[in-house]
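Sequential numbering from -2 applies to the sequence shown in my numbering.
We put the beta carbon where it would ideally sit given N, CA and C, even for glycine.
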Amino acid sequence: KLINSGQICIAPDYVLAEAPIREKLVDKIRAAVETFEAENTGGKQIVNERHFNRLVTALAATKGTVAVGGGSDAADLKIQPTVVVDPDPGEPLMTDEIFGPILPIMTVQNLDEAITFVNSRPKPLAAYLFTKAKAVRERVIRDVPAGGMVVNHLVFHFATHKLPFGGVGPSGMGAYHGKFGFEEFSHRKSVMTKPTRPDLGAMLYPPYTEKAWKLARKLF
């Protein structure tokens, strides 16, 4: 959310945190923002006025709790890095792609609830998981459709040409990077040549003999 003011397509739109760790997570994010943005207290630059107005309008309408930041400067088109805890799932911060320095955090009770929540929404371009448990990792990889996924970090899958990058469903189809991009943007032309001898083509047309039926059953 701090890279390019959160205006990148693979920035996380929201975080799902289990109840026992949510407050600690918010505290850690607050401390990180204070450290990373110590010399930039005015906020993060937004690309234009229309985009700025969209973000501040969504923030003003939230039913969640602003736990970090929340300030903005219309003259300079800047918004402070902001954390909103437990917004309504149907409000703009949770239904629109944010594309800005605002991070909603939703409280969930367990992994089942988290997976159900993610899968109730359009398939994401990227999904991120933080866990030490192999079983949790394998289940999320299996049960959460996403264009790409990173475990215990963010966005780094985009930085290597050894991994295909792309979406799935509403987030896009196909993938590129390295050889994957070459294959994706290359056309594979199918060509079939029927041999002239022996000419088995006659068996394709009626009237069908018992020999033809036996051959068809063996082939199909």
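Exercise. Under a CB-based cut-off of 8 Å, is threonine 157 close to chain B?
Worked result: Checking the listed chains, one finds no chain B in this structure; it contains a single protein chain.
Exercise. Beta strand (DSSP E) containing threonine 79: first to last residue?
Worked result: Start and end: 79 to 82.
For this session: Report yes if the CB atom of valine 133 is closer than 8 Å to the CB atom of valine 115, and no otherwise.
Result: In this structure, valine 133 lies away from valine 115, with their beta-carbon atoms at least 8 Å apart.
Problem set entry | DSSP state of phenylalanine 162 mapped onto helix, strand, coil | Strand.
For this session: Over the uninterrupted beta strand (DSSP E) stretch that includes proline 101, give me the two end residues.
Result: Element bounds for proline 101: 99 to 105.
Exercise. Run through DSSP, which three-state label would threonine 113 get?
Worked result: helix
Exercise. For the alpha helix (DSSP H) that contains glycine 175, what are its first and last residues?
Worked result: 175 to 181
Problem set entry | Separation of glutamate 135 from methionine 103, as counted between CA atoms | 22 Å
Exercise. Roughly how far, in whole angstroms, is the beta-carbon of glutamate 88 from the beta-carbon of alanine 124, given that I think they are within contact range, below 8 Å?
Worked result: Contact doesn't hold; Cβ gap of about 21 Å is too wide.
Exercise. Taking one C-beta from the region 5 to 22 and one from the region 149 to 164 each time, how about it: are there three or more such pairs within less than 8 Å?
Worked result: Put simply, the region 5 to 22 touches the region 149 to 164. At least three CB pairs are less than 8 Å apart.
Exercise. For valine 152 versus leucine 126, is the C-beta distance shorter than 8 Å?
Worked result: No. Outside cutoff.
For this session: Helix, strand or coil for leucine 13, going by three-state DSSP, please let me know.
Result: Leucine 13: strand per DSSP, three-state reduction.
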